[in-house]
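What the sequence shown shows, in this note's numbering, is residues 113 to 320, in sequence order. Ideal Cβ placement from N, Cα and C applies to all residues, glycine included.
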Amino acid sequence: MKIYTLSLGDMGANCYVLAADDKTAAAIDIGGDPERLLDLLQKEGLTLNKILLTHGHFDHIGGVAAVQAQTGAEVLIHEADQIMLTDAMKNLSGLFGGPTVSPVANSTALQDGDVVTVGTIRLTVIHTPGHTPGSICFRGDGNLFSGDTLFAGSIGRTDFPNGSMTQMRRSLALLGGLSGNDAVYPGHNEPTTLDRERQCNPYMRDCL
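If you want it as structure tokens, here you go:
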């Protein structure tokens, strides 16, 4: 698996493109700038089969509708955040005063423990509520795509509507208890590792 990283949208959310050996691909979170992602796919000769969403906030879904329209890729999101794909108030685009996110009418609901496959890539869904009720991480091949649950040295906000610090603490304890030292690819800012966050992230340390 090859991982490409793009910073997309006004909030600079990380978009990860995972390419299998057969050139099929999945994109994790598309916060905006759909043309940049489409250009990457064309340049690398990749066929996008799936769009995986760590949660439903506007800065992670802003480019989804346009990319889905161009590629026909299946959109997958946790069932608890599925409403955010069509409700501007719930995905916060209606609260932040920016352009309203184009609704995504067709999507597939994910649950904890589901396995998503793209070519030879296998990713397990880990439900990590706190930032949103349907926040999830995708784990596979020694990599953890953590969305806005876990950042390098920090965590996602829990003061937005339907956020919960109590749930976030449980989610951090779950991630901290995973075996191994996965590379962590967060929704914003630089990558990290699970061991580094276990040792240096005050929010995670407090939950272990």
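Quick check on L290: does DSSP put it in helix, strand or coil?
coil
Please return the same chain residues whose Cβ sits closer than 8 angstroms to the Cβ of D145, not counting the five positions on each side in sequence.
The residues are L118, L120, G121 and G175.
I173 lies in the beta strand (DSSP E); which residues open and close that run?
First-last for I173: F170 to I173, but that is the alpha helix (DSSP H), not the beta strand (DSSP E).
Validate contact between the stretch 181-197 and the stretch 210-222 using beta carbons, cut 8 angstroms, 3 pairs:
Output reads yes: the stretch 210-222 touches the stretch 181-197.
Rounded to a whole number of angstroms, what is the C-alpha to C-alpha distance between S283 and V213?
28 angstroms
Nearest neighbour of L153, chosen from A192, A139 and D271 [CA to CA]
A139
Terminal residues of the continuous alpha helix (DSSP H) containing L149?
P146 to E156
Counterpart residues of G259 in DSSP-defined beta bridges
P298
Run through DSSP, which three-state label would C312 get?
helix
Name the DSSP bridge partner or partners of N126?
S119
Quick one: using the 10 Å Cβ neighbour count with 16 as the cut-off for buried, is V227 buried or exposed?
exposed
Is G292 near L320, with beta carbons less than 7 angstroms apart?
no
V216 by DSSP, collapsed to three states: which one?
coil
Is it buried or exposed, F272, if we count other Cβ atoms within 10 angstroms and call 16 or more buried?
exposed
With burial defined as no fewer than 16 other Cβ atoms inside 10 Å of the residue's Cβ, what is the status of M316: buried or exposed?
By the neighbour-count definition (other C-beta atoms within 10 Å, threshold 16), M316 is a buried residue.
Start and end of the beta strand (DSSP E) containing T236?
I233 to H239
With DSSP collapsed to three states, give me the class of L204.
coil
Keeping to the same chain, check which residues put their C-beta closer than 6 angstroms to that of P215; ignore five residues upstream and five downstream.
Excluding sequence neighbours, P215 sits near T198.
Classify A137 as helix, strand or coil using the three-state DSSP reduction.
Of the three classes helix, strand and coil, the one that applies to A137 here is strand, per DSSP.
Buried or exposed (CB count within 10 angstroms, at least 16 for buried), A177:
buried
Can you pull the DSSP bridge partners for G252?
N255
If we cut at 7 angstroms on Cβ distances, does H167 have a partner in chain D?
The structure shown has no chain D; it contains just one protein chain.
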